[in-house]
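Notes follow the structure.
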Amino acid sequence: KDIAGVPADLKSKYFAQEGSQFRISNEIKKCVQFKKADLLRDPYPVNYHLIVCRNVMIYFTEEAKDDIYNKFFKSLAPEGFLFIGSTEQIINYKDIGFQRANSFYYEKPKS
Numbered sequence: 669k670d671i672a673g674v675p676a677d678l679k680s681k682y683f684a685q686e687g688s689q690f691r692i693s694n695e696i697k698k699c700v701q702f703k704k705a706d707l708l709r710d711p712y713p714v715n716y717h718l719i720v721c722r723n724v725m726i727y728f729t730e731e732a733k734d735d736i737y738n739k740f741f742k743s744l745a746p747e748g749f750l751f752i753g754s755t756e757q758i759i760n761y762k763d764i765g766f767q768r769a770n771s772f773y774y775e776k777p778k779s
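Sequential numbering of the sequence shown, starting at 669, is according to the numbering used here.
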């Protein structure tokens, strides 16, 4: 995607330019964990800065979604973000404690 709006200092810090394209730097990649998990049964680690769960929640009941979103909230560090699919939304995000940062991502406020 286009990162034209990203300030130059952040581009140089977090991205590597390859021709006309930008890629996430290896330093950042080392900090990323990809995990497969049973969202209903597995324990949730804590203090994540970012959780990306896109195009998954459509397969769950509303009750299960509420449970999972609450677990995501508890799993995030203060000022952490939850990214969901662009066609998904958290109806009761305020009740959970999230602040809506954009149409498809939510922030856990600072304590």
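A virtual CB, placed ideally from N, CA and C, is assigned to each residue, including glycine.
Predicted model only: the values in this text are computed from it and were never measured.
Check	Outcome
Whole-angstrom distance between GLY753 and VAL674, CA atom to CA atom	22 Å
Exposed unless 16 or more other CB atoms sit within 10 angstroms - verdict on TYR727	exposed
Residue closest to GLN701, alpha-carbon to alpha-carbon, out of PHE683, VAL720, GLN685 and ARG691	VAL720
Beta-carbon spacing of PHE749, GLU775 below 7 Å	yes
Sequence-distant residues of its chain with Cβ nearer than 6 Å to SER779 (five each side left out)	PRO746
Where TYR761 sits in the DSSP three-state scheme	helix
Rounded C-alpha distance that separates PHE751 from LYS703	15 Å
Whole-Å CB distance - TYR761 paired with LEU744, under 8 Å assumed	Contact flag wrong, Cβ pair sits at about 13 Å.
Simplified DSSP state of TYR774, which is helix, strand or coil	strand
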